[in-house]
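**Student:**
Protein chains: 4
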Amino acid sequence: MRTSRLEAFSDGVLAIIITIMVLELKVPEGHTLYDLYETTRVGLLTYLLTFVYVGIYWNNHHHMFQLVGRVSGGVLWANLALLFCLSLFPFTTAWVDETHVAQIPVVIYGINLLAAAVAYYVLQTVIIRGEGPESPLRAAIGTDLKGKLSPFLYLAGIIIAAIPGTGHVGAWIAMGCFVIVAIMWLIPDRRIERVLREHDAPG
Amino acid sequence: MRTSRLEAFSDGVLAIIITIMVLELKVPEGHTLYDLYETTRVGLLTYLLTFVYVGIYWNNHHHMFQLVGRVSGGVLWANLALLFCLSLFPFTTAWVDETHVAQIPVVIYGINLLAAAVAYYVLQTVIIRGEGPESPLRAAIGTDLKGKLSPFLYLAGIIIAAIPGTGHVGAWIAMGCFVIVAIMWLIPDRRIERVLREHDAPG
Amino acid sequence: MRTSRLEAFSDGVLAIIITIMVLELKVPEGHTLYDLYETTRVGLLTYLLTFVYVGIYWNNHHHMFQLVGRVSGGVLWANLALLFCLSLFPFTTAWVDETHVAQIPVVIYGINLLAAAVAYYVLQTVIIRGEGPESPLRAAIGTDLKGKLSPFLYLAGIIIAAIPGTGHVGAWIAMGCFVIVAIMWLIPDRRIERVLREHDAPG
Amino acid sequence: MRTSRLEAFSDGVLAIIITIMVLELKVPEGHTLYDLYETTRVGLLTYLLTFVYVGIYWNNHHHMFQLVGRVSGGVLWANLALLFCLSLFPFTTAWVDETHVAQIPVVIYGINLLAAAVAYYVLQTVIIRGEGPESPLRAAIGTDLKGKLSPFLYLAGIIIAAIPGTGHVGAWIAMGCFVIVAIMWLIPDRRIERVLREHDAPG
């Protein structure tokens with residue numbers, strides 16, 4: 364099977380996920396700047412963060428499938444599993460938003476991010492296995508430092524937000540971890556890899 | 364007419380169906396794990412089941428149209444009838460969810476699954492008729508054991524859920540039937556066919 | 364400009380219009396067949412009718428653009444005007460539904476149908492003018508009996524529903540007119556044209 | 364990277380933005396023309412204005428990418444930034460609508476329009492830089508009078524709506540500025556440029 368329709372379907376799902384979150388943004392009840400601030404101060408930030416995450420996944424998905432010629436049934440299902448994880452983003456984002464960044468919702472948001480990362484890794488692995496030893500995708504990924512670092516940052520955020528009694532402080536530190544991962548992926552590849560190489564040169 | 368635009372339109376509709384269901388997931392009112400469990404314990408399962416069903420239809424639709432060269436007006440309308448049945452999934456899923464898997468909603472959900480299966484069968488038949496005796500689709504489908512078995516499992520589920528007084532037990536057994544059909548389609552073709560052949564070898 | 368992206372964008376908008384209407388279907392509050400009947404008896408019918416209308420427009424749009432090679436800026440805007448009219452279908456359908464087919468909502472629904480038909484006619488005319496005297500679209504349309512008959516049936520429905528005091532009877536007769544137009548477009552071309560030719564042979 | 368998938372994803376997002384706004388149109392509670400007028404007199408106008416704006420962006424995006432051969436990672440992110448700004452249109456439009464065109468919501472709506480214009484300009488600049496001195500896009504844009512005039516009209520609208528105490532009068536004058544920009548982009552290029560040339564001939 365060619366990849367064009369898998370890409371078109373994924374684009375459709377990602378376009379909807381990235382856009383329906385705006386429906387969660389409640390319209391302020393009053394008409395002052397303060398009403399706007401009160402209603403959107405959390406919602407707009409979490410919307411932006413999740414928007415960037417969906418953008419990163421679309422971006423990486425786009426890059427990955429440019430190296431993929433043909434797909435098997437297994438790839439279709441691994442791709443659907445990724446889309447399922449991503450489709451829960453609007454739900455977990457809305458919970459973080461409506462509880463004003465409470466601890467447990469942030470833990471669940473982090474687990475959602477981690478699940479999407481795992482699903483992406485599984486999809487990548489299924490494609491590479493199908494392509495055999497001369498897979499161009501395997502060659503392109505290389506050491507994949509960002510892909511290996513992200514789960515640890517997600518886990519750090521999840522654990523920090525899960526410590527009982529840390530309240531909003533713990534939750535915001537966790538959100539900070541998730542923001543760092545997003546920024547790490549936003550910075551163009553060569554630069555971040557050079558930065559990382561300085562830190563773990565022998566690896 | 365070429366099939367590219369029919370496929371693009373179907374992809375769009377399926378992408379929306381599979382994604383808007385997440386809007387039905389109510390955000391928990393509290394911020395504890397228990398609130399999350401209470402709010403989503405049914406909703407998340409039914410969402411997952413319907414997500415898998417839409418994924419199966421997209422998958423099969425994708426496979427089928429790779430064998431189809433050109434389409435007539437009849438195929439367009441048979442395809443729209445299938446999309447109409449599938450577009451009711453979010454509605455029937457939400458009813459099952461909000462009644463916490465009550466009997467009648469499960470019956471209606473089963474009828475919806477059955478209607479989609481019938482619409483898919485009609486679409487397949489319209490395509491094969493249009494292609495004439497040398498239809499490559501007819502050859503590819505073969506005995507179509509899964510396609511023939513599914514309606515009986517849907518019917519079994521519908522009848523079990525419709526027996527008065529069985530309550531949630533009957534409804535859950537019916538949901539089990541629908542889960543079995545989904546799993547049957549998820550397992551790659553060759554394996555399931557070998558399993559089925561052992562059971563009905565003379566057929 | 365090539366037409367591929369205009370078609371893709373239109374497909375996206377039409378796919379969303381045809382699908383979001385299902386969000387208007389309220390989930391029954393109880394869990395009995397009677398609850399389902401009470402909640403959906405009007406909504407399901409109007410959803411089906413509007414679904415068929417959007418399907419007809421997608422179908423005709425699809426056919427029309429298969430004959431169009433390149434498009435100008437004017438065609439893009441005529442197309443957007445058509446999409447705007449169609450995007451109001453979920454709104455006018457919901458009003459008909461929530462008032463249980465009251466007179467004025469049916470009048471507005473009819474005006475919406477008429478506006479979409481006019482926008483479609485304008486789009487067709489803009490394309491033909493751009494193509495000049497040897498337009499393949501002009502040749503393909505021919506006498507366009509269905510296109511000429513539809514506005515009169517819409518107008519008949521609008522006028523009947525607007526007669527004060529006819530209540531639900533007038534509104535349902537008007538809906539009948541709109542159903543007849545939909546059926547007329549559903550029946551394959553040659554048959555309906557033969558039927559019409561018998562009635563207005565000299566024309 | 365080729366531009367086809369970037370265009371498809373952008374089309375998907377724009378199609379959703381332009382369509383979900385219709386979900387904001389509240390269905391009138393009564394069934395008379397007066398109920399319809401009361402409920403939609405503001406909402407329909409703001410919906411139409413934002414629909415036209417999204418249409419203009421789609422139109423310009425479509426034109427621009429016909430001149431673009433290949434895109435870099437920076438273009439993908441500049442494009443996502445534009446889509447983010449556009450995705451806030453349904454939110455800011457709904458606020459203007461629900462406050463019946465109050466001052467601050469109109470200021471925020473104007474800032475949203477300005478932000479989208481800036482994001483579009485950034486996207487255009489990123490593409491031109493990537494293409495180097497012989498960029499066909501740079502040649503096609505020319506003096507870009509409309510692109511340079513629009514921000515000033517947005518700013519004028521924002522400032523007028525922000526003057527304390529002007530109330531609905533100030534807000535409506537600001538909306539008038541935004542309508543003028545939309546009309547300016549709707550009129551085909553050559554005509555507006557001739558009009559503008561008469562006014563600033565020496566420039």
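Chains as they are written, first to last, in the numbering used here: chain A, 364 to 566; chain B, 364 to 566; chain C, 364 to 566; chain D, 364 to 566.
All residues carry an ideal CB built from backbone N, CA and C; glycine is no exception.
The structure presented is a predicted model; accordingly, all values stated were derived computationally and were not measured.
(1) Please state if the CB of leucine 500 of chain B and the CB of leucine 443 of chain B are separated by a distance shorter than 8 Å.
(2) In angstroms, rounded to a whole number, what distance separates the CA positions of leucine 477 of chain C and valine 376 of chain C?
(3) Starting from the beta carbon of proline 527 of chain B, find every residue of chain G whose beta carbon is closer than 9 Å, and list them in chain order.
(4) Rounding to the nearest angstrom, what Cα-Cα distance links valine 405 of chain A and phenylalanine 428 of chain B in this structure?
(5) Using only the alpha-carbon positions, how far apart do leucine 516 of chain B and histidine 463 of chain B sit?
(6) So for arginine 404 of chain B, helix, strand or coil by DSSP?
(7) So, under 8 Å CB-CB, methionine 384 of chain C and threonine 488 of chain C are touching, yes? Tell me the CB distance rounded to an integer number of Å.
(8) Between which two residues does the alpha helix (DSSP H) containing serine 367 of chain D stretch?
(9) Using CA atoms only, rank isn't needed, just tell me which of B/Val544, B/Val469, B/Ser450 and B/Gly539 is closest to threonine 382 of chain B.
(10) Kindly indicate which residue of C/Pro527, C/Val434, C/Tyr484 and C/Ile526 has the alpha-carbon position closest to the one of proline 514 of chain C.
(11) Applying the criterion that 16 or more other CB atoms from any shown protein chain within 10 Å of the CB defines a buried residue, is arginine 365 of chain B buried or exposed?
(12) When we look at the beta-carbon of arginine 368 of chain D and count the other beta-carbons within 10 Å, is it buried (16 or more) or exposed?
(13) In whole angstroms, give me the CA-to-CA distance for glutamate 387 of chain B and isoleucine 546 of chain D.
(14) Can you tell which of C/Ser373, C/Asp460, C/Leu549 and C/Tyr416 has its C-alpha closest to the C-alpha of glutamate 401 of chain C?
(15) If I measure Cβ to Cβ from lysine 389 of chain B and keep anything under 6 Å in the same chain, skipping five residues before and after, which residues do I get?
(16) Does the beta-carbon of alanine 502 of chain A have 16 or more other beta-carbons within 10 angstroms, so that it is buried, or is it exposed?
(17) Between which two residues does the alpha helix (DSSP H) harbouring alanine 534 of chain D extend?
(18) Going residue by residue through the stretch 407–494 of chain A, where are the continuous alpha helix (DSSP H) segments of at least 4 residues, counting only ones entirely within it?
(19) Does the CB of glycine 495 of chain A have a neighbour CB from chain B at under 8 Å?
(20) Measuring CA to CA, which of D/Ser435, D/Val469 and D/Leu408 is closest to arginine 492 of chain D?
(21) For glycine 437 of chain A, collect the residues of the same chain with a Cβ closer than 6 Å to its Cβ; drop the 5 residues on either side in sequence, then sort them by chain order.
(22) Going by the CB atoms, is the gap between proline 468 of chain B and valine 394 of chain C shorter than 8 Å?
(23) Measure the alpha-carbon distance for threonine 506 of chain C versus leucine 439 of chain D and round it to whole angstroms.
(24) Quick check on isoleucine 523 of chain B: does DSSP put it in helix, strand or coil?
(25) To the nearest angstrom, how far is the alpha carbon of glutamate 370 of chain A from that of glycine 530 of chain D?
(26) Got a sec: is the Cβ-Cβ distance from arginine 368 of chain B to anything in chain C below 8 Å?
(27) Check whether the Cβ atoms of valine 415 of chain C and phenylalanine 452 of chain C sit closer than 8 Å, and answer yes or no.
(28) Between tyrosine 400 of chain C and the ligand MG, is the CB less than 7 Å from at least one heavy atom?
(29) Quick one, which residues of the stretch 459–471 of chain A are near chain B if we go by CB-CB under 8 Å, in chain order?
(30) Considering only their Cβ atoms, is the gap separating isoleucine 474 of chain B from isoleucine 522 of chain B smaller than 8 Å?
(31) For the alpha helix (DSSP H) containing proline 499 of chain B, name the first residue and the last one.
(32) Excluding the 5 residues flanking isoleucine 471 of chain A on each side, which residues of the same chain have their C-beta closer than 6 Å to its C-beta?
(33) For chain A, check one thing: does any of its Cβ atoms lie closer than 8 Å to the Cβ of valine 485 of chain D?
(34) Can you give me the C-alpha to C-alpha distance between threonine 413 of chain B and isoleucine 550 of chain B, rounded to a whole angstrom?
(35) Quick check: is the beta carbon of tyrosine 375 of chain B nearer than 8 Å to any beta carbon in chain C?
**Tutor:** Here's the rundown:
(1) What you label residue 443 of chain B is simply residue 80 of the second sequence in a count that begins at 1. What you label residue 500 of chain B is simply residue 137 of the second sequence in a count that begins at 1. The criterion of a C-beta distance shorter than 8 Å is not satisfied by leucine 443 of chain B and leucine 500 of chain B.
(2) One-based indexing of the third sequence puts residue 477 of chain C at position 114. One-based indexing of the third sequence puts residue 376 of chain C at position 13. Roughly 19 Å separates the two Cα atoms.
(3) Annotation note: the requested chain G is absent from the structure, which comprises protein chains A, B, C and D.
(4) Numbered from its first residue, the first sequence carries residue 405 of chain A at position 42. Numbered from its first residue, the second sequence carries residue 428 of chain B at position 65. The alpha-carbon atoms of valine 405 of chain A and phenylalanine 428 of chain B are separated by roughly 45 Å.
(5) Numbered from 1 along the second sequence, position 153 holds the residue referred to as residue 516 of chain B. Numbered from 1 along the second sequence, position 100 holds the residue referred to as residue 463 of chain B. Computed Cα separation, rounded: 22 Å.
(6) Translated into the one-based positions of the second sequence, residue 404 of chain B becomes position 41. Look at arginine 404 of chain B here: in three-state DSSP terms it is coil, with no helix or strand label.
(7) As a first step, residue 384 of chain C is located in the third sequence; it is residue number 21 there, counting from the start. As a first step, residue 488 of chain C is located in the third sequence; it is residue number 125 there, counting from the start. Not a contact, Cβ separation roughly 29 Å.
(8) For the purposes of this step, residue 367 of chain D is taken as residue 4 along the fourth sequence, with counting starting at 1. Looking at the DSSP string, the run of the alpha helix (DSSP H) that includes serine 367 of chain D is 367–387.
(9) In the second sequence, counting from the first residue as 1, residue 382 of chain B sits at position 19. Out of B/Val544, B/Val469, B/Ser450 and B/Gly539, B/Ser450 has the C-alpha closest to the C-alpha of threonine 382 of chain B.
(10) Residue 514 of chain C sits at position 151 when you count from the first residue of the third sequence. Residue C/Tyr484 is the option with its Cα nearest to proline 514 of chain C.
(11) Counting from 1 along the second sequence, the entry for residue 365 of chain B is found at position 2. Classification for arginine 365 of chain B: exposed.
(12) Position 5 of the fourth sequence, counting from 1, holds the residue named residue 368 of chain D. That one is buried.
(13) One-based indexing of the second sequence puts residue 387 of chain B at position 24. One-based indexing of the fourth sequence puts residue 546 of chain D at position 183. Computed Cα separation, rounded: 39 Å.
(14) Start at 1 with the first residue of the third sequence, and residue 401 of chain C comes out as number 38. Considering only alpha carbons, the answer is C/Asp460.
(15) Translated into the one-based positions of the second sequence, residue 389 of chain B becomes position 26. Excluding residues within five positions, the ones whose Cβ falls inside 6 Å are Thr402.
(16) The sequence position of residue 502 of chain A within the first sequence is 139, counting from 1. Looking at its Cβ environment, which holds fewer than 16 other Cβ atoms inside 10 Å, alanine 502 of chain A is exposed.
(17) Counted from its first residue, the fourth sequence places residue 534 of chain D at position 171. Run containing alanine 534 of chain D: 530–549, per the alpha helix (DSSP H) assignment.
(18) Considered as a whole, the stretch 407–494 of chain A harbours 436–450, 452–461 and 466–494 as its complete alpha helix (DSSP H) runs of no fewer than 4 residues, in chain order.
(19) Counted from its first residue, the first sequence places residue 495 of chain A at position 132. Chain B places no beta carbon closer than 8 Å to that of glycine 495 of chain A, leaving this residue out of the contacts.
(20) Walking along the fourth sequence from the start, residue 492 of chain D turns up at place 129. Comparing alpha carbon positions, the residue from D/Ser435, D/Val469 and D/Leu408 closest to arginine 492 of chain D is D/Ser435.
(21) Position 74 of the first sequence, counting from 1, holds the residue named residue 437 of chain A. Excluding sequence neighbours, glycine 437 of chain A sits near Val489.
(22) Residue mapping note: residue 394 of chain C aligns to position 31 of the third sequence, counting from 1. Residue mapping note: residue 468 of chain B aligns to position 105 of the second sequence, counting from 1. A small correction: the amino acid at residue 394 of chain C is histidine; valine does not occupy that position in the sequence shown. Yes, they are a contact pair.
(23) If you number the third sequence from 1, residue 506 of chain C lands on position 143. If you number the fourth sequence from 1, residue 439 of chain D lands on position 76. So the two alpha carbons sit approximately 48 Å from each other.
(24) Along the second sequence, read from residue 1 onward, the residue named residue 523 of chain B stands at position 160. In the structure shown, the three-state DSSP call for isoleucine 523 of chain B is helix.
(25) For this step, residue 370 of chain A is matched to residue 7 along the first sequence. For this step, residue 530 of chain D is matched to residue 167 along the fourth sequence. When rounded, the distance between both Cα atoms is 49 Å.
(26) Stepping through the second sequence from its first residue, residue 368 of chain B is reached at position 5. Yes - at least one Cβ of chain C is within 8 Å of the one on arginine 368 of chain B.
(27) Here residue 415 of chain C refers to the residue found at position 52 of the third sequence. Here residue 452 of chain C refers to the residue found at position 89 of the third sequence. Cβ atoms of valine 415 of chain C and phenylalanine 452 of chain C: not closer than 8 Å.
(28) Inclusion of the ligand MG in the displayed structure is not the case, the ligand content being empty and no account of it being possible.
(29) Within the stretch 459–471 of chain A, the qualifying residues are Glu461, Thr462, Ala465, Gln466, Ile467, Pro468 and Ile471.
(30) Your numbering for residue 522 of chain B matches position 159 in the second sequence. Your numbering for residue 474 of chain B matches position 111 in the second sequence. It is not a contact, given that the beta carbons lie outside the stated cut-off.
(31) Looking up residue 499 of chain B in the second sequence gives position 136. Under the DSSP assignment, proline 499 of chain B falls in the alpha helix (DSSP H) whose first and last residues are 499–504.
(32) Here the question's residue 471 of chain A lines up with position 108 in the first sequence. Here the set comprises Thr455.
(33) Along the fourth sequence, read from residue 1 onward, the residue named residue 485 of chain D stands at position 122. With 8 Å as the cut-off, valine 485 of chain D does not count as an interface residue toward chain A.
(34) For the purposes of this step, residue 413 of chain B is taken as the residue at position 50 of the second sequence. For the purposes of this step, residue 550 of chain B is taken as the residue at position 187 of the second sequence. Distance between threonine 413 of chain B and isoleucine 550 of chain B, taken at the CA atoms: about 17 Å.
(35) To locate residue 375 of chain B, count along the second sequence from 1; it is residue 12. First, the amino acid is wrong: residue 375 of chain B is glycine here, not tyrosine. Chain C contact via Cβ: present.
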